[in-house]
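>
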Amino acid sequence: MGRIILSYSKRIGSWPERIGDIGVVKDTAIHDIDLAMYIFNAEPISVYAKGGSIKHKLEDHVQAVLSFEGNKSALIEANWLTPRKKT
Numbered sequence: 265m266g267r268i269i270l271s272y273s274k275r276i277g278s279w280p281e282r283i284g285d286i287g288v289v290k291d292t293a294i295h296d297i298d299l300a301m302y303i304f305n306a307e308p309i310s311v312y313a314k315g316g317s318i319k320h321k322l323e324d325h326v327q328a329v330l331s332f333e334g335n336k337s338a339l340i341e342a343n344w345l346t347p348r349k350k351t
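265 is the number of the first residue of the sequence shown in the working numbering; add one for each residue after it.
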């Protein structure tokens, strides 16, 4: 296997009723951020993220691009708007 330069993560599903105090970033996307930092053995040098709240009071969708040294990137998508869970 060659050098890894791109990580892509997608966690989508419906709003989990057990959640009431945090949004999709802290509940699900955080795990993909941690995974990208582990894969690249580094912290990102820049982050661009866009998300918001469409159906809930806390953020229910986010898309993020994390850039790392050496032209490496992680693309992360998470939402609680999809009717059925998909990973």
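Note that CB positions come from ideal geometry on N, CA and C, so glycine has one too.
1) Are the Cβ atoms of A356 and V289 separated by less than 9 Å?
2) I'd like to know whether the C-beta atoms of I318 and V329 end up nearer to each other than 9 Å.
3) Considering just the uninterrupted stretch of the alpha helix (DSSP H) at H325, what are its terminal residues?
4) If we count the other Cβ atoms within 10 Å of its Cβ and call it buried at 16 or more, is S271 buried or exposed?
Result, derived from the coordinates:
1) Outside the shown range of the chain (265 to 351) lies residue 356, about which nothing can therefore be said.
2) no
3) Unbroken run through H325 is the beta strand (DSSP E), H325 to F332; no alpha helix (DSSP H).
4) buried
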